[in-house]
Structure formats: C-alpha cells, structure tokens
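Asks: One structure, as structure tokens, below. Some questions next.
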C-alpha cells in the first residue's frame with residue numbers, strides 16, 4: 002500500500018502516487034520510480050491487448066448469435082480473425098480520446114464494473130457446469146473446483162460492493178451509473194431481439210417441415 006511509504010499530504014499532492022511511493026521506499030531513487038512506471042505501462046499494454054482480442058471475439062459471437070449485425074461476424078479467410086469486429090473496435094478506440102478526460106474516466110470506471118460482472122457470471126457458470134456437466138471434455142481441470150469457484154464469486158461480489166454509492170471508490174450518478182444502465186438496457190434489447198429472431202426462424206423451419214411431410218403423406 003502507498004500509505005506505508007507516504008503520508009496523507011504526500012498522497013494528496015502526488016500526481017503519480019505509486020511511483021512516488023516506490024521512489025521514497027528506495028531512498029529517493031529516481032530509477033526505482035521509473036522502473037515502476039515502465040512496469041505499469043507494460044501491464045496496461047498487456048491488458049489492452051487481451052481486452053482487444055476478447056472484445057473483438059465477443060462482438061463476433063454476438064453477431065453470430067444474431068444480437069448484432071451479421072457483417073460483424075465476418076472471418077478473415079487466411080488468419081481466421083473477426084475482421085470487421087476488429088476494425089470496429091479500432092475505430093471506436095481511435096475516436097474515444099476526443100471525448101475528453103472526464104468521459105474517458107466515466108467509461109473506464111463503468112467498464113471496470115462491467116468486467117467484474119462478466120467475471121462473476123463466468124465464476125457462476127464454472128460451478129454450474131462442473132455440477133451439471135461433470136463429464137464434459139476439459140483441456141484443463143482446476144483442483145478443488147468448489148472452493149475456487151466459491152472464492153471467485155465471493156471476491157467478485159466484494160469488489161462489486163466497492164462500486165456502490167457512498168463509498169470512496171463508489172461510482173458517480175448520473176454519469177457512470179447512467180452508462181452502466183444504458184449497457185444493461187442495450188444488452189437486454191439485443192438479447193430479446195436475438196431470441197425473437199431465433200423463435201421466428203424455428204417456427205418457419207417447423208412450418209416448412211410439416212408442409213413437406215404432409216405433402217409426402219398426401220401423395
């Protein structure tokens with residue numbers, strides 16, 4: 002914790018708290034501060050890369066399921082990557098800095114909440130699948146799955162509570178909570194649209210099958 006190295010006044014006046022704390026802990030070493038900054042940049046780039054890959058494939062999956070326009074499910078013939086989904090994320094990422102610092106902070110904070118929701122759902126799915134599909138083929142099996150899954154759920158819920166209003170790390174209203182509510186609303190709309198489309202296609206297929214079956218029988 003930075004509070005071990007810096008007092009409250011130093012923390013409030015610092016623009017790079019972690020770097021300044023590292024500098025002080027190593028006897029005012031500028032090199033230690035720079036090393037921490039470089040490590041932080043490397044960590045951010047690594048995270049961005051994984052989010053970029055995961056985000057493009059999430060968009061591809063949603064397009065495949067009918068929740069987004071079908072052109073976003075296009076796959077590159079050679080590299081087998083979701084071409085249009087990657088282009089879309091690249092365009093949005095290029096435009097985002099022009100929204101301004103405040104908007105980026107709101108989006109980042111709301112995005113953190115959304116990521117925790119996805120981690121929570123994955124953890125719940127992990128436990129459900131281990132119970133309902135114990136014989137499912139798995140390339141990697143976690144030891145003590147109940148303990149690991151339960152702890153993951155508890156940690157996710159604990160971190161989600163830190164976003165609640167009234168806490169120092171709580172999200173602001175109406176901006177950050179408004180973004181989250183808009184995301185949930187859009188997700189619900191996309192899901193209902195896809196479910197309705199799948200239902201209509203299923204009914205159409207059943208109607209055609211019944212038609213040709215009856216036609217063969219009558220002949």
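Residue numbers (the numbering used here): 2 to 220. C-beta: ideal position from N, C-alpha, C; glycine also.
(1) Under three-state DSSP, which class holds residue 1?
(2) Per DSSP, which residues does residue 76 bridge with? Please list them.
(3) In whole angstroms, what separates the C-alpha of residue 128 from that of residue 151?
(4) Counting only runs that start and end within the region 113–173, where is the alpha helix (DSSP H) found for 4 or more residues in a row?
(5) Within 10 angstroms of its Cβ, does residue 177 collect 16 or more other Cβ (buried), or is it exposed?
(6) Under three-state DSSP, which class holds residue 28?
(7) Give me the Cβ distance between residue 27 and residue 19, rounded to the nearest whole Å; I'm assuming they're in contact under 8 Å.
(8) For residue 17, which option in 30, 37 and 5 has the closest C-alpha, if you only look at C-alpha atoms?
(9) Leaving out five residues on either side along the sequence, give the residues of the same chain with a beta carbon under 8 Å from the beta carbon of residue 115.
(10) Which same chain residues end up closer than 8 Å to residue 134 when comparing Cβ atoms and leaving out the 5 residues on each side of it in sequence?
(11) Starting from residue 15, trace the alpha helix (DSSP H) both ways and give me its first and last residue.
(12) Is the Cβ-Cβ distance between residue 86 and residue 57 less than 7 Å?
(13) Taking one C-beta from the region 185–201 and one from the region 63–81 each time, how about it: are there three or more such pairs within less than 8 Å?
(14) Hey, residue 25 and residue 6 are a contact pair by Cβ (cut 8 Å); roughly how many whole angstroms apart?
(15) Out of 42, 46, 82 and 47, which one is the CA nearest neighbour of residue 59?
Replies: Taking the definition as stated:
(1) Residue coverage of the chain in this structure runs from 2 to 220, which leaves residue 1 outside it and unanswerable.
(2) Along the chain shown, read from residue 1 onward, the residue named residue 76 stands at position 75. Bridge partners of residue 76: 83.
(3) Locating residue 128 in the chain shown gives position 127, where the first residue counts as 1. Locating residue 151 in the chain shown gives position 150, where the first residue counts as 1. Distance between the alpha carbons of residue 128 and residue 151 is about 8 Å.
(4) 146–162
(5) The sequence position of residue 177 within the chain shown is 176, counting from 1. It is buried - the Cβ of residue 177 has at least 16 other Cβ atoms within 10 Å.
(6) What you label residue 28 is simply residue 27 of the chain shown in a count that begins at 1. Three-state result, residue 28: coil.
(7) The count along the chain shown starts at 1 and reaches residue 27 at position 26. The count along the chain shown starts at 1 and reaches residue 19 at position 18. Wrong, their Cβ atoms sit about 13 Å apart, outside the cutoff.
(8) Translated into the one-based positions of the chain shown, residue 17 becomes position 16. Comparing Cα-Cα distances from residue 17 to each of 30, 37 and 5, the minimum goes to 37.
(9) Locating residue 115 in the chain shown gives position 114, where the first residue counts as 1. Once the five neighbours on either side are set aside, the close Cβ partners of residue 115 are 181 and 184.
(10) To locate residue 134, count along the chain shown from 1; it is residue 133. Cβ neighbours of residue 134 beyond the five flanking positions: none.
(11) As a working note, residue 15 is residue 14 in the chain shown. Unbroken run through residue 15: none, as it is neither H nor E.
(12) Within the chain shown, the letter at position 85 stands for residue 86. Within the chain shown, the letter at position 56 stands for residue 57. Closer than 7 Å, so yes.
(13) yes
(14) Locating residue 25 in the chain shown gives position 24, counting from the first residue. Locating residue 6 in the chain shown gives position 5, counting from the first residue. Indeed they touch by this definition, with Cβ atoms about 5 Å apart.
(15) Position 58 of the chain shown holds residue 59. When each option's Cα is compared against that of residue 59, the closest is 82.
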